[in-house]
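Remarks on the structure that follows.
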Amino acid sequence: MSSFQSLATFTSITTRTLPTSPSNRRSNSYPKQTHRLKVSCNVAPEDNEKLLVVPETQKLILPKTSLDTLNVDRRNLLLGLGGLCTTVNLTSIPTAFGRPITAPDISSCRASTDGLDLKNAIRTNACCPPNLSKKVKDFVFPNDKSLRIRRAAHKAPEDYIEKYKAALKAMRALPDDHPHSFVSQAKIHCAYCNGGYTQIATGDSDKIIQIHNSWLFFPFHRWYLYFYERILGKLINDPTFAIPYWNWDNPAGMTLPAFFEDGNNRQEKLQNPAFDAFRNTSHFAPAIVDLDYKGEDSGAPSAKQININLTQMNSQMIRNAHDTRSFFGGRYVAGNDPIPRGDKSIGSIEAGCHTAVHIWVGNSRTINNEDMGNFYSAGYDPLFYVHHANVDRMWVEWKGLDRRNKEPKDEDWLNASYVFYDENEELVRVYNKDCVRNDKLRYAYEFSPLPWLKNRPTPRTLKSKIALKSVGTVKQVEDTKFPLKLDKITKVLVKRPATNRSEEEKEKAVELLLIKDVKYNGGKFVKFDVFVNDQDDVRASSADESEFAGSFAQVPHGPGDDMLMTSGARFGLTELLEDIQAEDDELILVTLVPKAGCEEVTVGEIKVELVPLDD
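Yeah, the sequence shown ends on 615 if you go by full-length UniProt numbering, and it's all consecutive.
Structural data, given as structure tokens:
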């Protein structure tokens with residue numbers, strides 16, 4: 001407990017008050033609103049972010065049929081339209097129909113082989129759920145009288161932790177082929193992440209479903225935790241049971257929660273249902289979690305590491321999360337191949353603290369960084385669910401920071417669906433649109449302060465004019481040959497679309513640095529850092545400095561196999577340029593610094609755009 005107290009006192013010492021400038025605009029301009037969702041069918045084309053609204057397309061409305069018995073091939077459907085196809089541009093039809101990702105009946109699940117090389121794997125790739133031959137039901141909102149309250153793990157009372165352990169013990173005691181068993185729950189992540197399900201329900205059986213690196217990330221994991229939590233509660237006959245959350249965004253919660261390592265010796269630890277043998281033992285308390293983890297320990301003193309963590313949270317929740325796509329990730333619909341898909345971008349939290357914690361916890365002594373450090377095995381560590389509870393909490397907190405912070409409005413997001421076993425062993429189909437309000441799902445989070453709100457990065461230099469000074473020695477983006485290979489530090493000059501924007505203009509549009517068409521090996525942990533207008537000694541730069549725009553990072557999708565994937569990243573420039581006093585610069589100097597697994601990484605495009613914000 002003393003370590004928690006010392007961490008807690010750090011907050012008052014290191015957090016800095018936001019400057020009384022318009023740059024505070026996203027964290028305190030609007031009252032907290034977390035439950036209202038304005039649904040609109042008007043969506044901008046993904047290839048043109050500068051258009052806020054386009055006229056709604058005429059849609060063909062099909063009869064409502066069970067998604068689990070209907071298997072309409074899109075190509076056959078188009079052929080069946082007959083004369084319509086002679087008068088309509090066929091290339092526009094998929095957009096007109098609406099194509100939400102639709103998980104199939106579990107009977108079509110297959111072994112998860114996507115990106116997997118089983119030679120060195122510790123866990124199995126047989127990740128399909130038990131098939132009890134049950135019909136899939138539509139989701140019905142719970143009618144629980146009271147909310148389940150998820151408590152911060154580091155300050156949860158002893159009886160709460162004992163109840164959590166009792167539920168885990170009951171889950172572990174079930175036979176592996178039971179849908180509620182610990183193993184069956186762990187396999188859910190593998191099946192949805194490593195090719196266990198295809199898009200057969202929408203007629204694209206040759207394409208897998210992937211719930212990472214896109215706008216599916218937040219809603220899928222919310223549903224996953226929802227059923228996991230209710231199953232645990234059912235096992236101990238407690239309708240109020242809630243899982244804890246790992247409060248790694250607060251200094252007091254930045255160590256691995258102690259009860260996950262309870263036990264004086266290995267035998268006692270193995271009897272602890274919250275224990276997992278495949279964790280990085282050098283990262284047990286009092287080690288401070290590194291929310292900018294690059295695959296090796298930074299060696300930063302505790303106070304410095306905590307400050308880095310807080311500035312990372314500030315950037316990922318505010319500076320790099322002004323618009324919906326930057327927070328949630330890019331559009332992903334039926335017919336898209338996730339490797340690559342049409343809109344290739346990853347959300348700020350998924351690429352940031354989410355990935356860092358996965359890799360930081362995983363066992364570095366294993367080839368594949370099991371359990372947490374690899375998607376196929378992450379669900380076998382009870383920490384996975386407690387970690388993702390805090391990731392889910394970030395969604396709740398983000399919506400409260402600004403009235404314009406909302407879920408995607410696109411019907412293809414709202415109607416995307418997945419299939420889970422519920423606490424009654426019934427198969428249930430759930431939709432994104434039904435999980436946007438956590439109170440309707442009858443759970444909430446115990447309050448925890450957000451010290452990162454006032455912990456903006458600090459600049460190394462002001463008005464450096466480094467971009468102007470680099471003209472002639474660093475190529476401008478239009479003179480650069482793409483794709484760029486990231487086997488070394490790479491610099492490029494990028495022209496901005498506007499300078500010295502007024503506060504009114506900043507309220508209407510955010511300036512973003514887009515790193516597009518990033519190709520990488522999905523079987524590796526990959527990470528590179530992005531700096532803007534930093535000095536020549538970029539290796540000496542720190543993640544708590546303003547010039548650090550952020551990172552691109554990916555958790556491996558499977559052990560060891562070469563698997564080419566494509567994604568991208570978005571970084572906010574509005575506050576960054578304010579902080580370093582470079583708003584009047586016409587060019588910015590972008591520096592990409594490879595940190596892990598970048599030997600094969602290439603970047604296809606680098607640009608700066610003004611992206612409109614919702615009203």
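A virtual CB, placed ideally from N, CA and C, is assigned to each residue, including glycine. Note that the structure is predicted; figures quoted are calculated from it, not measured.
Comparing alpha carbon positions, the residue from Ser364, Gly572, Val474 closest to Gln535 is Val474. Between Thr240 and Lys145, the alpha-carbon positions lie close to 9 Å from each other. Burial state of Leu441 is buried, judged by a 10 Å Cβ sphere holding 16 or more other Cβ atoms. Judged by their CB atoms, His178 and Pro257 are not nearer to each other than the 8 Å cut-off.
For Leu414, the CB contacts under 6 Å within the same chain, skipping 5 residues up- and downstream, are Asn432, Lys433 in chain order. In this structure, Arg460 sits away from Ser551, with a CB-CB distance that is not shorter than 8 Å.
DSSP links Lys137 through a beta bridge to Val428. Under the three-state reduction of DSSP, Gly400 is assigned to helix. Look at the beta carbons and you see the segment 175-194 touching the segment 372-381: at least three pairs across the two are nearer than 8 Å. Pro556 is a Cβ neighbour of Phe375, given a cutoff of 8 Å. Counted as a single uninterrupted DSSP element, the stretch harbouring Gln271 is not any alpha helix (DSSP H), since DSSP gives it neither H nor E. Rounded to the nearest angstrom, the gap between the Cα atoms of Pro157 and Pro219 is 29 Å. Around the Cβ of Ser133, a 10 Å sphere holds fewer than 16 other Cβ atoms; the residue is exposed. The criterion of a C-beta distance shorter than 8 Å is not satisfied by Val357 and Val428. In its chain, beyond the 5 residues on either side, Arg26, Val510, Gly572, Leu613 have a beta carbon closer than 7 Å to the beta carbon of His322. Secondary structure note for Pro612: its beta strand (DSSP E) is the uninterrupted segment 602-612. Check the Cα spacing between Arg279 and each of Val140, Pro301, Ser214, Asn369: the tightest is with Asn369.
DSSP, read as helix, strand or coil, puts Phe420 in strand. Its chain contains Val494, Lys495, Arg496, Pro497, Glu511, Leu512, Leu513, Leu514, Leu573, Ile588 as the residues whose beta carbon lies nearer than 8 Å to that of Val608, once the 5 sequence neighbours on both sides are disregarded; these appear in chain order. With fewer than 16 neighbouring CB atoms inside 10 Å of its own CB, Ala126 falls in the exposed class.
Cα atoms of Gly98 and Lys524: separation of roughly 34 Å, rounded to the nearest angstrom. C-alpha of Pro408 to C-alpha of Asp238: approximately 34 Å in a straight line. For Met565, the uninterrupted beta strand (DSSP E) segment begins and ends at 564-572.
DSSP links Phe217 through a beta bridge to no other residue. Taken in chain order, the complete alpha helix (DSSP H) segments of 4 residues or longer contained in the segment 487-562 are 503-508. With at least 16 other beta carbons inside 10 angstroms of its own, Val436 counts as buried. Counting only runs that start and end inside the segment 358-418, the alpha helix (DSSP H) elements of at least 4 residues fall at 383-401, 411-414.
Rounded to whole angstroms, the separation of the alpha carbons of Gly329 and Glu600 is 23 Å.
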